[in-house]
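The structure under discussion appears below in the form of structure tokens.
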Amino acid sequence: MPEKVPVSLIAILAVWIILALPAVALPASPEIFLQEEPETYLVIDKLEGMGFLPGLMTGDRGLEAREVSREAEKAEGAGDPFVDGMLRFLRLGAARRHDFRLRAGLEHSGDGRVPPNAQGWPVAEDGGIRAGGFFRTSPADWISLQARGDILAGSSGGDTGRIEETSLRLGWPQATLEAGRFSLWWGPGRHGSLLFTTNAEPLIGVRIRNPRPIPLGWWFRFLGLFQYDIFISRLNDDDRPVPDSLMSGVRLAVKPAPWLELGASRALHFGGEGRDESLSTFFDIFRGKSESAENTPKGNSLASIDAKVRLPFRRQPVILYVEGGGEDQSGSGVPSRWAWMGGIFLPSIGAMKKADLRIEFADNLDFNSRQHHSGVWYRHPDYPHQYRDQILGHHMGTDARDLFIEAHYFFLPTSYLEANVDFTQRDFPGPEKEDTKRVGAGLVLWLTKNWRNETRLAVTKVSNENGIPGADSTDLSFQLSMSYQYR
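For what it's worth, the working numbering labels the leading residue of the sequence shown as -6, then goes sequentially.
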């Protein structure tokens, strides 16, 4: 019987890392939830753009609470009350070994639309009540546990509940083994990324990574800090072309200087009911061998490379980032059928540190059209890059362009007003171009150390939905929640 990839690949890597990195430190803590704690990630981005947190790598999220707190502890006082307040907020992540949040709120949508990057959760059609929260604990120096979930009761019926990021973690910051449900976000984009985002439901699988970047030595000293993330998951949704297929991902990143971070990511779909899952199949797909014209496809592969640069201008700090990816591989393993996304982030607006601005653009249409490879991205006939009807990568979909603009103004180091616009054009599936315009606003407000309010409002207008001429709609949605967090 062929050796299974989940056992061999993950086990070999884990043993190698433990032998290569024998120095034991405190373990990685539970993560900062991407969906639940957006203000923490925004504070991290602002501080990073201002030159703080140089030992943190942010292209592989969710980040670990203890590692973020550890970097914030290293930062000296900025001499600015607002910046010092943001640093104190991040340090709360290591204040306790245990914390939990309870949340309840109201929401309403006219058509039950699923917002971008919402882990596949729709806003309740005709109104409803959503309740949930999370629990995180590190009972010992070698183990941590996290759990998160939601219950949605809608006025139109269809009450449902779901377990989100829930996993057990063992090990050290240099080699943490995780099993359970986890969300991935690979790349420097913040509204979207080509391979993995929070647009789909969390995956179920096994993962090994190093939340604390490893300083490289010897001949590799010039590469600076190093980070890896490897996982394998069984896609158990019912309507896949190949049931119970496997998906594996690998991300490697380096930080040669405090102002530069580089990454390379790879996703591979293979196996499943009636399909081979041996190591030889895995490496055939990894090399792109099975996707050349003379081979019967054994799987599907996607790859991307990305870069983020911080320009430390004194009057106006700037972060620039870009990601390019290929949806298929040629026989040589070189990515083809390219797409790209890029953006600019201003962590402050001139001297106003309380304000920020982000502009992000993504496109997987132009290159495909010129090469007559339309309908490629995320649409493999046997192994589509989707999970439970939601794209695992950029929410814009196939043969699409997306422009996103967002600004924030902070009232306090933890509380802000948000406004954004999102324009998406999509040619697939045709015959007409689908045009989506979404305008949103939000308020995140920490009333006390423990009480948090989040309010969101969005208007979405769609023309020629799913390429059907005249299929136009407009939806107004809102979400209001109140949370209590013990920490």
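Glycine included, every Cβ here is placed at the ideal spot set by N, Cα and C.
Rounded to whole angstroms, P251 and P166 show a C-alpha spacing of 20 Å. By the 16-neighbour rule on beta-carbons within 10 angstroms, Y402 is exposed. Spatial neighbours of N192 in its own chain (CB-CB distance under 6 Å, excluding positions within 5 residues in sequence) are listed in chain order as N110, Q383, I384, H388.
One thing to note: N446 has its Cβ no nearer than 8 Å to the Cβ of Q478. In the three-state reduction of the DSSP assignment, I37 falls in the helix class. When DSSP reads this structure, T153 sits in a beta bridge with L145. For the pair V107 and W114, the Cα-to-Cα distance works out to about 6 Å. Per the DSSP secondary-structure output, P208 pairs in a beta bridge with L218. Within the segment 58 to 121, the complete beta strand (DSSP E) runs of at least 3 residues fall at 91 to 102. Secondary structure note for T429: its beta strand (DSSP E) is the uninterrupted segment 427 to 439. In this structure, the straight-line span from the alpha carbon of D237 to that of W179 is close to 24 Å. Between I337 and V302, the alpha-carbon positions lie close to 10 Å from each other. In terms of Cβ geometry, S297 and G318 form a close pair [threshold 8 Å].
The bridge partners DSSP lists for F224 are R200, G242. Burial state of L440 is exposed, judged by a 10 Å Cβ sphere holding fewer than 16 other Cβ atoms.
In this structure, the CA atom of N229 is about 19 Å from the CA atom of E171. For Y409, the enclosing beta strand (DSSP E) begins and ends at 408 to 419. Between R63 and A88, the C-beta spacing is not below 8 Å. The beta carbon of V61 is closer than 6 Å to those of L83, G86 in its chain, skipping five residues each way along the sequence. Taking each of E427, E66, G42, D92 in turn and checking the Cα distance to I25, the smallest one comes out for D92. In the displayed model, L27 falls within coil according to three-state DSSP, outside both helix and strand.
In the three-state reduction of the DSSP assignment, F276 falls in the helix class, which pools H, G and I.
Following the DSSP letters along the chain, one finds D299 inside the beta strand (DSSP E) bounded by residues 292 to 304. Around the beta-carbon of P74, fewer than 16 other beta-carbon atoms lie within 10 Å, marking it exposed. Ranking D53, K454, E100 by CA distance to the CA of F175 puts D53 first. DSSP, read as helix, strand or coil, puts G48 in coil.
For N459, the three-state secondary structure derived from DSSP is helix. Here E266 carries a coil assignment [DSSP, helix/strand/coil]. Between the C-alpha atoms of T467 and V452 there is a straight-line separation of about 7 Å. The criterion of a C-beta distance shorter than 8 Å is not satisfied by A124 and H101. Rounded to the nearest angstrom, the gap between the Cα atoms of M50 and F128 is 25 Å.
The shortest CA-to-CA distance from I398 to any of G185, T153, L56 is the one to G185. The continuous beta strand (DSSP E) containing F403 extends over residues 393 to 405. Checking the DSSP bridge columns, you'll see E254 partnered with K301. Judged by DSSP secondary structure, W165 falls within the beta strand (DSSP E) whose first and last residues are 160 to 165. Of all alpha-carbon atoms in I197, A71, L161, the one lying nearest the alpha-carbon of I136 is that of L161.
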